[in-house]
Structure formats: structure tokens, C-alpha cells
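Per our numbering, the sequence shown starts with residue 826, numbered consecutively.
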Amino acid sequence: MRRGEEFEAAVRRGKRAGRPTLVVHFAISGEEFPRVGFVVSKAVGGAVTRNTVKRRLRHLMRDRLDRLPRGSLLVVRANPPAASARFEHLAAELDSALERLLRRRESSTGGQK
């Protein structure tokens, strides 16, 4: 995801699930392939730290893209504790947030994907 309108759509109109190291915003927009964007602010750390966190999150999301329904817009926003979080902890928190959002979506659509 690269355009500001897509980020805005996911953050403003989507559902949100927060964890100590990250916050995930999820919305459905159209029927194209899922899109994922990352927000890692200066509050997380310097440029090297921010890029490391972004690379870790991008790597984690690659393995989880198949879980997302078509037309998904997903924004993963890193919180400051993400800078010092172990890779496994970051993966567990991302899984937890995604499960919560997808479970909430299934219950609101009656189990249809």
C-alpha cells in the first residue's frame, strides 16, 4: 500500500486491534488482492531502528497474506516497544491482532469470507 487514501480508508473506516507493540487497522475495499501498509514513526527510534522494525513486520506479513480476504486493506502501525521486541514476540502479537480482526469480521458477516 502506498497511497495516503488507502491508509486513511483503513484507519478511519476499518476495525482496529491493538497490542502493546503494534496496532492493526483492517478494512475491506473492492475485490483486488490484499494490500498491506506499515507505519513506523520516529517515536519508535532512529532511522536504523525504524527500518529494522519495518523489515521485520514486512517479513512477518508475507507469511500471513493468504489469511486476508480479497479486497483487504491492512495497516500495521508499530508502537515504541516494537523496537526492542524479539522477533517471536512481534510475530505472536501480530497473529493475535489479525485473529481478533478476522474473527470479528466473520462474526459480522455471518461466517462468509
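Note that CB positions come from ideal geometry on N, CA and C, so glycine has one too.
Burial state of N876 is exposed, judged by a 10 Å Cβ sphere holding fewer than 16 other Cβ atoms. Counted as a single uninterrupted DSSP element, the stretch harbouring A868 is not any alpha helix (DSSP H), since DSSP gives it neither H nor E. For L882, the CB contacts under 6 angstroms within the same chain, skipping 5 residues up- and downstream, are F863 and V901 in chain order. Of the residues assessed, E918 falls on the buried side of the cut-off, its CB having 16 or more other CB atoms within 10 angstroms.
Setting aside the 5 residues that flank it on each side, A852 is surrounded in the same chain by A834, A835, R838, G839 and L898, each with a C-beta closer than 7 angstroms to its C-beta; the list follows chain order. Where A834 is concerned, the enclosing alpha helix (DSSP H) starts and stops at G829 to R838. Here the C-alpha atom of L927 lies approximately 8 angstroms from the C-alpha atom of L893. In this structure, DSSP gives R895 a state outside helix and strand, which the three-state scheme calls coil.
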